[in-house]
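Since the structure comes first, as structure tokens, the remarks are kept for the end.
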Amino acid sequence: MNNIEITQDPLAQVELTETVGNIYADDAKMSIRNANVYYGEKQAIHDVSLDLAKNQVTALIGPSGCGKSTFLRCLNRMNDTIDICRITGQLMLDDEDIYAKNLDPVLLRARVGMVFQKPNPFPKSIYDNVAYGARIHGLTNNKAELDEIVETSLQKAGLFNEVKDRLKDPGTGLSGGQQQRLCIARTIAVSPEVILMDEPASALDPIATAIIEELIDELKEKYTIAIVTHSMQQAARVSQHTAYFHMGKLVEMGKTEDIFTHPSHKLTENYITGRFG
Amino acid sequence: MTNSIDKNITGNATPAKLQTKLSTTEKVALSLKKRHQKERRFRNTGFSAVLFGFMLVVILIGDITTKALPAFHQHWVKLDVNYQSDWLSVDANLSGYELTQQLKTANFRKVLRNSLYPMFVNEQTPKLSRKDKRSAFKLFSSNAEFTIRDALLAAPEDLNETVSIWVRLDDDVDSYLKEGFAFGTAGLRIDEQQAQWVAKLEQEQRIESRFNTSFFTASDSREPELAGIKGALMGTLLTMFVTLLLSFPLGVAGALYLEEFAPKNRLTDIIEININNLAAVPSIVFGLLGLAVIINLFGLPRSAPLVGGIVLTLMTLPTIIIASRAAIKAVPPSIREAALGLGASKMQVTLSHVLPQAMPGIITGGIIGIAQALGETAPLLMIGMVAFIVDVPTSIADSATVLPVQIFLWADSPERAFLAKTSAAILVLLTLLLVINTTATVLRSKFEKK
Numbered sequence: 000m001n002n003i004e005i006t007q008d009p010l011a012q013v014e015l016t017e018t019v020g021n022i023y024a025d026d027a028k029m030s031i032r033n034a035n036v037y038y039g040e041k042q043a044i045h046d047v048s049l050d051l052a053k054n055q056v057t058a059l060i061g062p063s064g065c066g067k068s069t070f071l072r073c074l075n076r077m078n079d080t081i082d083i084c085r086i087t088g089q090l091m092l093d094d095e096d097i098y099a100k101n102l103d104p105v106l107l108r109a110r111v112g113m114v115f116q117k118p119n120p121f122p123k124s125i126y127d128n129v130a131y132g133a134r135i136h137g138l139t140n141n142k143a144e145l146d147e148i149v150e151t152s153l154q155k156a157g158l159f160n161e162v163k164d165r166l167k168d169p170g171t172g173l174s175g176g177q178q179q180r181l182c183i184a185r186t187i188a189v190s191p192e193v194i195l196m197d198e199p200a201s202a203l204d205p206i207a208t209a210i211i212e213e214l215i216d217e218l219k220e221k222y223t224i225a226i227v228t229h230s231m232q233q234a235a236r237v238s239q240h241t242a243y244f245h246m247g248k249l250v251e252m253g254k255t256e257d258i259f260t261h262p263s264h265k266l267t268e269n270y271i272t273g274r275f276g
Numbered sequence: 000m001t002n003s004i005d006k007n008i009t010g011n012a013t014p015a016k017l018q019t020k021l022s023t024t025e026k027v028a029l030s031l032k033k034r035h036q037k038e039r040r041f042r043n044t045g046f047s048a049v050l051f052g053f054m055l056v057v058i059l060i061g062d063i064t065t066k067a068l069p070a071f072h073q074h075w076v077k078l079d080v081n082y083q084s085d086w087l088s089v090d091a092n093l094s095g096y097e098l099t100q101q102l103k104t105a106n107f108r109k110v111l112r113n114s115l116y117p118m119f120v121n122e123q124t125p126k127l128s129r130k131d132k133r134s135a136f137k138l139f140s141s142n143a144e145f146t147i148r149d150a151l152l153a154a155p156e157d158l159n160e161t162v163s164i165w166v167r168l169d170d171d172v173d174s175y176l177k178e179g180f181a182f183g184t185a186g187l188r189i190d191e192q193q194a195q196w197v198a199k200l201e202q203e204q205r206i207e208s209r210f211n212t213s214f215f216t217a218s219d220s221r222e223p224e225l226a227g228i229k230g231a232l233m234g235t236l237l238t239m240f241v242t243l244l245l246s247f248p249l250g251v252a253g254a255l256y257l258e259e260f261a262p263k264n265r266l267t268d269i270i271e272i273n274i275n276n277l278a279a280v281p282s283i284v285f286g287l288l289g290l291a292v293i294i295n296l297f298g299l300p301r302s303a304p305l306v307g308g309i310v311l312t313l314m315t316l317p318t319i320i321i322a323s324r325a326a327i328k329a330v331p332p333s334i335r336e337a338a339l340g341l342g343a344s345k346m347q348v349t350l351s352h353v354l355p356q357a358m359p360g361i362i363t364g365g366i367i368g369i370a371q372a373l374g375e376t377a378p379l380l381m382i383g384m385v386a387f388i389v390d391v392p393t394s395i396a397d398s399a400t401v402l403p404v405q406i407f408l409w410a411d412s413p414e415r416a417f418l419a420k421t422s423a424a425i426l427v428l429l430t431l432l433l434v435i436n437t438t439a440t441v442l443r444s445k446f447e448k449k
């Protein structure tokens with residue numbers, strides 16, 4: 000399988016024909032086949048196929064600009080907002096094609112939530128931040144039920160005890176780590192099936208990062224999670240599956256412990272051992 | 000470390016021997032003095048610019064205020080009016096409704112004349128000549144006749160009695176009293192005889208200076224002592240009401256559509272360029288458009304605040320759209336993404352996140368637009384809002400004029416008293432501007448707090 004010559008410059012364009020490792024999951028929540036993403040003329044993602052295993056954490060790693068964030072954003076059609084972005088291939092959530100003509104992206108995003116790199120709470124109160132999703136989707140008209148949703152979401156995000164006395168305070172007044180957990184609480188308040196996380200801890204200090212990682216570990220009981228990260232340690236700590244992206248291609252995918260202990264592909268090995276990236 | 004940098008610089012820069020002796024720190028220290036000097040110069044220039052601007056504003060406001068002050072008070076004179084029924088040519092035996100009807104059309108001018116001539120006779124001139132009579136009559140406002148009529152209508156029992164009634168002096172006399180001209184000065188519009196009479200009236204303590212309420216309660220008039228700004232003020236308020244009602248929602252909706260919904264293609268590019276161009280179109284062109292299309296084609300009434308408002312809307316729309324688009328663009332994309340990621344529809348993202356965040360900027364654009372419209376004269380000239388209108392407009396379809404046009408009209412009038420009126424009207428316009436701006440600022444800070 001390993002038919003690639005590594006040149007002196009490891010970042011030089013590599014001819015990659017096939018992904019090594021195992022892209023399949025026994026119980027796939029999302030399965031992507033032959034996904035290609037173009038920004039205008041430029042192709043950002045080349046023929047990527049992988050499964051996201053249900054109730055497990057899949058880490059997407061790779062050097063900057065390798066397309067892992069682009070790929071993640073395709074999974075809930077966030078790239079629709081970019082006019083020049085074009086996507087081909089088959090992207091399935093359960094058994095539905097998420098790019099089907101009759102599928103409403105609004106519904107998709109309610110099922111596939113997203114947490115962004117930089118904490119981005121709305122300039123509203125903590126309560127309104129969490130309640131926003133439930134309100135816009137009309138999940139409840141009842142004040143008591145809404146309170147319940149807000150409380151359980153904040154509890155799940157491990158934030159409730161810290162903010163229970165100041166739910167009316169602005170969400171932007173929290174610390175960075177708390178803001179990010181608020182964003183997670185906001186996402187899970189809509190009860191999504193999949194949560195996409197785009198480097199959720201990259202703007203946080205190690206202690207806040209540890210809390211978020213612990214949280215991710217708990218969240219996988221209920222949700223399927225895909226996380227983009229620059230930290231290999233983080234990928235090793237939180238994920239069960241790891242996919243290594245390089246220059247818009249999926250180089251290798253497999254169980255996290257396999258990838259980090261004996262990667263099959265030279266590129267993966269170079270990246271993991273810190274030779275580049 | 001320093002050494003290596005030093006070598007590097009000298010290595011590839013110049014072979015000058017001087018440079019090799021200086022370390023990096025020394026070079027920085029050398030340039031530092033120059034840089035600080037530059038900074039100081041820049042700061043001082045900025046400060047003097049601000050000071051200069053502030054000074055000009057102070058001079059302007061001070062000048063206008065001093066010039067406007069005379070307009071806020073006015074001289075009244077006490078007349079002993081003899082309401083003789085045969086001068087009025089009414090039947091003294093009538094009463095009630097019939098008497099009132101007769102009094103309404105009675106000859107009060109004769110009463111006025113006969114009441115005021117005796118004030119100016121003395122031993123030397125027991126009888127006034129025809130010329131004297133005319134110049135004596137000219138001392139009083141043309142409105143005095145109606146003042147004494149209204150007084151009698153209010154108290155019909157005074158018929159055939161002599162009562163003291165205060166009437167306005169003519170504007171020329173008023174100006175003479177206010178400005179204390181030496182006799183024979185250019186601009187003085189009363190003659191020696193009249194000046195003596197005025198002095199006599201003053202001696203008898205018949206002349207009194209009162210606050211000029213009619214300036215705020217009356218509409219325009221050819222007689223400066225009667226002219227007020229109420230009509231123009233109402234016209235301005237009605238016109239601004241129409242302008243605000245049309246331009247703000249339209250401008251914001253247009254900006255939101257162009258920023259959030261419109262596809263980015265050649266057509267929207269062309270629209271954007273044209274909006275920017277429209278902002279630079281001379282305002283009188285919009286007036287021509289209003290005349291040709293809104294009045295002549297659609298047949299809306301001439302001189303009406305409705306048409307004025309529409310024309311000013313055309314003029315302010317580009318300003319509001321450009322400012323609103325800038326404000327909408329400045330909303331961080333992370334907020335949009337967060338809402339989209341939660342499954343908010345485009346509409347929900349726009350209304351609950353983009354618009355509130357952009358509101359302070361949009362309001363600022365609105366203020367600029369409205370302030371521009373408030374001071375606009377040229378386009379309104381084209382649609383007939385320059386007409387001389389004595390009635391206070393009560394609806395947007397009535398004939399009206401606006402404050403800037405009123406200022407223009409008064410500034411154009413030859414009567415000396417209009418000079419003060421012009422300044423006073425400018426003060427009122429500036430006050431109105433200040434009120435609008437303050438309201439908008441309060442509104443904006445309220446939105447910013449949210």
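Chains as they are written, first to last, in numbering that gives the first Met the number 0: chain A, 0 to 276; chain B, 0 to 449.
Backbone N, C-alpha and C fix where the C-beta goes; we use that ideal spot for every residue, glycine too.
No experiment lies behind these values; they were computed from the predicted model shown.
- Excluding the 5 residues preceding and the 5 following residue 196 of chain A in the sequence, name in chain order all residues of the same chain whose CB lies nearer than 6 Å to its CB. Stepping through the first sequence from its first residue, residue 196 of chain A is reached at position 197. Excluding sequence neighbours, residue 196 of chain A sits near 114 and 226.
*Is there at least one Cβ from chain B nearer than 8 Å to residue 93 of chain A's Cβ?*
For this step, residue 93 of chain A is matched to residue 94 along the first sequence. No - not a single Cβ of chain B is within 8 Å of the one on residue 93 of chain A.
### Task
Throw me the rounded Cβ distance for the residue 167 of chain B and residue 140 of chain B pair, which I believe falls under 8 Å.
Along the second sequence, read from residue 1 onward, the residue named residue 167 of chain B stands at position 168. Along the second sequence, read from residue 1 onward, the residue named residue 140 of chain B stands at position 141. Right, their Cβ atoms sit about 4 Å apart.
| query | Counting only beta-carbon atoms, is residue 73 of chain B nearer than 8 Å to chain A? | reply | Mapped onto the second sequence, residue 73 of chain B falls at position 74. It does not; no Cβ of chain A falls within 8 Å.
- Measure the C-alpha to C-alpha separation of residue 192 of chain A and residue 431 of chain B and round it to an integer number of angstroms. The count along the first sequence starts at 1 and reaches residue 192 of chain A at position 193. The count along the second sequence starts at 1 and reaches residue 431 of chain B at position 432. Distance between the alpha carbons of residue 192 of chain A and residue 431 of chain B: 58 Å.
Worksheet item: Taking the continuous beta strand (DSSP E) assigned at residue 87 of chain A, which residues delimit it?
Response: Your numbering for residue 87 of chain A matches position 88 in the first sequence. Start and end: 84–92.
Taking the C-alpha atoms as reference points, what is the distance between residue 42 of chain A and residue 138 of chain A?
-> As a first step, residue 42 of chain A is located in the first sequence; it is residue number 43 there, counting from the start. As a first step, residue 138 of chain A is located in the first sequence; it is residue number 139 there, counting from the start. Cα to Cα, residue 42 of chain A sits roughly 39 Å from residue 138 of chain A.
**Asked** residue 151 of chain A: which of A/121, A/185 and A/256 sits nearest, CA to CA?
**Response** The residue you call residue 151 of chain A lines up with position 152 of the first sequence. Of all alpha-carbon atoms in A/121, A/185 and A/256, the one lying nearest the alpha-carbon of residue 151 of chain A is that of A/185.
| said: Could you tell me the alpha carbon to alpha carbon distance between residue 310 of chain B and residue 286 of chain B, rounded to whole angstroms? | reply: The residue you call residue 310 of chain B lines up with position 311 of the second sequence. The residue you call residue 286 of chain B lines up with position 287 of the second sequence. Between the alpha carbons of residue 310 of chain B and residue 286 of chain B lies a distance of about 6 Å.
Is the segment 108–122 of chain B in contact with the segment 71–82 of chain B, if contact means three or more CB pairs nearer than 8 Å? A contact is defined here as three or more CB-CB pairs under 8 Å, and the segment 108–122 of chain B meets this definition with respect to the segment 71–82 of chain B.
query: What residues from the segment 255–266 of chain B come within 8 Å of chain A, judged by C-beta to C-beta, listed N to C?
result: Among the residues of the segment 255–266 of chain B, those with a Cβ less than 8 Å away from any Cβ of chain A are 262 and 263, in the order of the chain.
Note to self: When you compare the CB positions of residue 219 of chain B and residue 371 of chain B, do they come within less than 8 Å of one another, or not?
What the structure shows: Locating residue 219 of chain B in the second sequence gives position 220, counting from the first residue. Locating residue 371 of chain B in the second sequence gives position 372, counting from the first residue. No, the pair does not count as a contact, with Cβ atoms beyond the cut-off.
Check your understanding: Which ranges would you report for the beta strand (DSSP E) in the segment 221–266 of chain A if only whole runs of at least 3 residues count?
Key -> Taking only runs of at least 3 residues, the beta strand (DSSP E) segments lying wholly in the segment 221–266 of chain A are 223–227, 240–245 and 248–254.
Give a yes or no on whether the minimum CB-CB distance between residue 337 of chain B and chain A is below 8 Å. Numbered from 1 along the second sequence, position 338 holds the residue referred to as residue 337 of chain B. So, interface residue.
- Item | Status (buried if at least 16 other CB within 10 Å, exposed otherwise) for residue 85 of chain B | Taking the second sequence and counting its residues from 1, one reaches residue 85 of chain B at position 86. By the 10 Å Cβ count, residue 85 of chain B comes out exposed.
### Message
Residues of the segment 167–192 of chain A in Cβ contact with chain D at a cutoff of 8 Å, in chain order, please.
### Response
Looking at the structure shown, chain D is missing, and the protein chains on hand are A and B.
Would you say residue 246 of chain B and residue 319 of chain B are within 8 Å of each other, going by their C-beta atoms? As a first step, residue 246 of chain B is located in the second sequence; it is residue number 247 there, counting from the start. As a first step, residue 319 of chain B is located in the second sequence; it is residue number 320 there, counting from the start. Cβ atoms of residue 246 of chain B and residue 319 of chain B: closer than 8 Å.
- Message: At 3 residues or longer, what runs of the beta strand (DSSP E) sit wholly inside the segment 67–115 of chain B?
- Response: Here the runs fully enclosed are 72–81.
Exercise. Under 8 Å between C-beta atoms, does residue 405 of chain B make it to chain A?
Worked result: Stepping through the second sequence from its first residue, residue 405 of chain B is reached at position 406. At a cut-off of 8 Å between beta-carbon atoms, residue 405 of chain B makes no contact with chain A.
List the residues of chain A that residue 343 of chain B touches, going by C-beta distances under 7 Å, in chain order. Numbered from 1 along the second sequence, position 344 holds the residue referred to as residue 343 of chain B. Ordered by position in chain A, the residues that pass the 7 Å Cβ test against residue 343 of chain B are 135.
Problem - Rounded Cβ spacing between residue 227 of chain B and residue 214 of chain B (contact assumed at less than 8 Å) - result: The sequence position of residue 227 of chain B within the second sequence is 228, counting from 1. The sequence position of residue 214 of chain B within the second sequence is 215, counting from 1. Contact holds; Cβ gap of about 5 Å.
Determine, for residue 360 of chain B, whether the minimum Cβ-Cβ distance to residues of chain A falls below 8 Å. Position 361 of the second sequence, counting from 1, holds the residue named residue 360 of chain B. Not closer than 8 Å to any Cβ of chain A, the Cβ of residue 360 of chain B fails to qualify, so no.
*Nearest-angstrom beta carbon gap, residue 324 of chain B and residue 258 of chain B [assumed within contact, 8 Å]*: Along the second sequence, one-based indexing puts residue 258 of chain B at 259. Along the second sequence, one-based indexing puts residue 324 of chain B at 325. The beta-carbon distance between residue 258 of chain B and residue 324 of chain B, rounded to whole angstroms, is 5 Å. This is short enough to meet the 8 Å contact definition.
Output yes or no for whether 8 Å exceeds the beta carbon distance between residue 407 of chain B and residue 376 of chain B. Position 408 of the second sequence, counting from 1, holds the residue named residue 407 of chain B. Position 377 of the second sequence, counting from 1, holds the residue named residue 376 of chain B. Against a cut-off of 8 Å, the Cβ pair of residue 376 of chain B and residue 407 of chain B comes out as a contact.
| query | Secondary structure at residue 13 of chain A, three-state DSSP: helix, strand or coil? | reply | Reading the first sequence from its first residue, position 14 is the one you call residue 13 of chain A. The predicted model places residue 13 of chain A with a pLDDT of 46, which falls under 50 and marks its position as unreliable, so this point remains unresolved.
Near residue 77 of chain A, which residues of its chain fall below 7 Å by C-beta distance, leaving aside the five closest residues on each side in sequence? By 1-based counting over the first sequence, the position of residue 77 of chain A is 78. Within the same chain, residue 77 of chain A has close Cβ partners 113.
query = What does a CB cutoff of less than 6 Å around residue 195 of chain B pick up in its chain, not counting 5 residues either side in sequence?
reply = Working through the second sequence from its first residue, we reach residue 195 of chain B at position 196. Once the five neighbours on either side are set aside, residue 195 of chain B has no close Cβ partner at all.
Query raised in the report: Which bits of chain A does residue 334 of chain B rub up against, with CB to CB less than 7 Å?
Result: Working through the second sequence from its first residue, we reach residue 334 of chain B at position 335. 119 and 121, listed in chain order.
Would you say residue 52 of chain B lies against chain A (beta-carbon separation less than 8 Å)?
Here residue 52 of chain B is taken as the residue at index 53 of the second sequence, counted from 1. So, not an interface residue.
| field | Integer-rounded CB distance, given that residue 216 of chain B should sit under 8 Å from residue 199 of chain B | value | Your numbering for residue 199 of chain B matches position 200 in the second sequence. Your numbering for residue 216 of chain B matches position 217 in the second sequence. With 8 Å as the limit, residue 199 of chain B and residue 216 of chain B do not qualify as a contact, their Cβ atoms being about 31 Å apart.
* Asked: How is residue 273 of chain B classed by DSSP in three states: helix, strand or coil?
  -> By 1-based counting over the second sequence, the position of residue 273 of chain B is 274. Three-state DSSP puts residue 273 of chain B in a helix.
Practice problem: Count the other C-beta atoms from every protein chain shown that fall within 10 angstroms of the C-beta of residue 365 of chain B, then say buried if there are 16 or more, exposed otherwise. | Solution: Within the second sequence, the letter at position 366 stands for residue 365 of chain B. Burial call: buried.
Inter-stretch contact at 8 Å, needing at least 3 Cβ pairs: the segment 155–165 of chain A / the segment 94–105 of chain A
Under the three-pair Cβ rule at 8 Å, the segment 155–165 of chain A does not count as touching the segment 94–105 of chain A.
query: Hey, residue 46 of chain A and residue 33 of chain A are a contact pair by Cβ (cut 8 Å); roughly how many whole angstroms apart?
result: Walking along the first sequence from the start, residue 46 of chain A turns up at place 47. Walking along the first sequence from the start, residue 33 of chain A turns up at place 34. Indeed they touch by this definition, with Cβ atoms about 5 Å apart.
> Within this structure, are the beta carbons of residue 399 of chain B and residue 409 of chain B separated by less than 8 Å?
Replying inline: As a working note, residue 399 of chain B is residue 400 in the second sequence. As a working note, residue 409 of chain B is residue 410 in the second sequence. No, Cβ-Cβ distance for residue 399 of chain B and residue 409 of chain B is not below 8 Å.
| said: Would you say residue 131 of chain A lies against chain B (beta-carbon separation less than 8 Å)? | reply: By 1-based counting over the first sequence, the position of residue 131 of chain A is 132. Yes, because at least one Cβ of chain B sits closer than 8 Å to the Cβ of residue 131 of chain A.
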